[in-house]
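In the working numbering, the protein residues as written are 1 to 348.
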């Protein structure tokens with residue numbers, strides 16, 4: 001049963017946080033392609049190469065309908081002023097401190113950005129009567145769950161990293177605002193996103209660089225990790241289509257048997273994934289074939305904070321939004337490599 005409705009009027013004015021990040025950059029670009037007005041927000045933090053973030057931003061700057069605010073989500077006064085000075089139809093919140101492993105050594109960065117920062121986004125949306133808040137969650141919230149595929153109707157009470165815990169907390173915070181203030185909120189659990197302009201701390205980026213430089217690849221869990229890789233264009237399609245669908249209260253929701261994916265409030269959670277997990281060995285084989293070079297493998301045990309496998313049940317997204325992934329892994333890797341080689345000009 002669908003618990004969402006399409007906006008009666010098209011969205012025209014949107015805030016995209018994290019617009020210099022991987023997903024935010026692509027989402028902002030797609031919205032501009034559709035003639036929307038986009039205010040992009042980013043703090044350009046140095047978690048990874050700021051030059052890459054600035055290069056993404058340069059692709060957006062100067063485009064009709066785009067404005068940029070270099071602001072920190074954790075800066076309460078700045079965020080209050082930003083919301084009070086604007087009138088957003090929809091907020092697409094993709095800005096966050098990313099990375100599972102970094103959260104083991106720099107926990108305060110996650111509290112500041114993902115918890116304090118998200119509270120400022122929620123409060124800004126409430127105070128200015130934003131019609132729909134779409135926010136990024138993560139497949140990492142499934143944590144110690146092992147039943148596959150991961151379903152939004154499962155409980156996710158056992159995160160195995162602080163990053164995952166902050167993303168689960170975001171879902172709970174959004175639900176509280178949906179329940180208390182009627183703020184329509186949709187959370188999207190992304191599964192291993194890859195593609196052009198990707199993040200340097202992600203597997204495809206790391207593996208490509210190592211193979212080209214003739215260095216060994218660190219493969220955790222002895223290379224037996226399985227990931228539900230999702231190409232960036234498929235993610236963007238899901239985000240943009242979801243933004244048009246305002247979640248409605250589920251009339252069948254019951255506190256006796258509570259469904260985590262819906263609510264008696266205007267709140268919804270979706271998985272966005274490829275729906276076809278791949279073992280890293282097979283993933284690397286595609287890279288080897290495309291690059292014409294063999295990878296050197298360094299097999300290591302499972303790291304703290306990592307999960308051995310991810311696999312998205314995307315049936316709710318297909319039913320409610322009509323979105324399903326269209327890009328094969330081989331095609332997506334080829335597009336990434338074309339961008340990587342053009343951008344970095346590495347020596348082969």
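Built from N, CA and C at the ideal position, the CB exists for glycine as well. Given the structure is predicted, the values throughout are model-derived calculations rather than measurements.
Buried versus exposed, by CB contacts within 10 Å (16 or more), residue i
i           : result
residue 293 : exposed
residue 251 : exposed
residue 339 : exposed
residue 349 : Any answer about residue 349 is impossible in this case: the structure gives the chain only from 1 up to 348.
residue 139 : buried
residue 342 : exposed
residue 319 : exposed
residue 214 : exposed
residue 180 : exposed
residue 271 : buried
residue 296 : exposed
residue 77  : exposed
residue 84  : exposed
residue 302 : exposed
residue 255 : exposed
residue 61  : exposed
residue 433 : Nothing can be reported for residue 433: it is not among the residues displayed for the chain, which extend from 1 to 348.
residue 257 : exposed
residue 182 : exposed
residue 81  : exposed
residue 72  : buried
Sheet register partners of residue i (DSSP bridge)
i           : result
residue 40  : 16, 68
residue 217 : 297
residue 185 : 133, 267
residue 279 : 226
residue 190 : 138, 272
residue 312 : 150
residue 47  : Beta-bridge pairing links residue 47 to no other residue.
residue 231 : 194
Identity of the residue in the options nearest residue i by Cα
i           : options            : result
residue 144 : 319, 165, 323      : 165
residue 146 : 315, 40, 311       : 311
residue 14  : 134, 102, 98, 126  : 134
residue 239 : 16, 9, 12          : 16
residue 22  : 9, 34, 32, 49      : 49
residue 188 : 36, 103, 152       : 152
residue 109 : 258, 313, 43       : 43
residue 299 : 222, 163, 247      : 222
residue 176 : 244, 332, 262      : 262
residue 198 : 26, 220, 218, 71   : 26
residue 244 : 286, 218, 321, 196 : 321
residue 370 : 255, 209, 279, 249 : It is not possible to answer for residue 370, since the shown part of the chain is limited to 1 through 348.
residue 248 : 264, 241, 274      : 264
residue 185 : 230, 131, 275, 155 : 131
residue 150 : 210, 274, 74, 75   : 274
residue 288 : 212, 257, 80, 192  : 212
residue 230 : 224, 194, 216      : 194
residue 89  : 106, 103, 72, 124  : 124
residue 196 : 71, 103, 337       : 337
residue 246 : 92, 335, 74        : 92
residue 219 : 276, 306, 253      : 306
residue 142 : 282, 253, 190, 267 : 190
residue 308 : 51, 225, 129       : 225
**Prompt:** Are at least three pairs of beta-carbons, each pair with one atom in the region 194-205 and one in the region 161-175, less than 8 Å apart?
**Reply:** no
**Message:** I want to know whether the region 319-332 touches the region 229-244 - three or more CB-CB distances under 8 Å.
**Reply:** yes
**Asked** Whole beta strand (DSSP E) runs in the region 239-268 with 3 or more residues, listed along the chain?
**Response** 245-247
**Asked** Are the region 109-122 and the region 27-39 in contact at 8 Å, needing three or more beta carbon pairs?
**Response** no
**Whole runs of the beta strand (DSSP E) within the region 82-134, excluding any shorter than 3 residues** = 90-93
**Asked** Should the region 25-34 be called in touch with the region 53-67, which here means at least 3 C-beta pairs below 8 Å?
**Response** yes
**Request:** Taking 8 Å as the threshold, find out whether the region 152-163 comes into contact with the region 52-61 through three or more Cβ pairs.
**Result:** no
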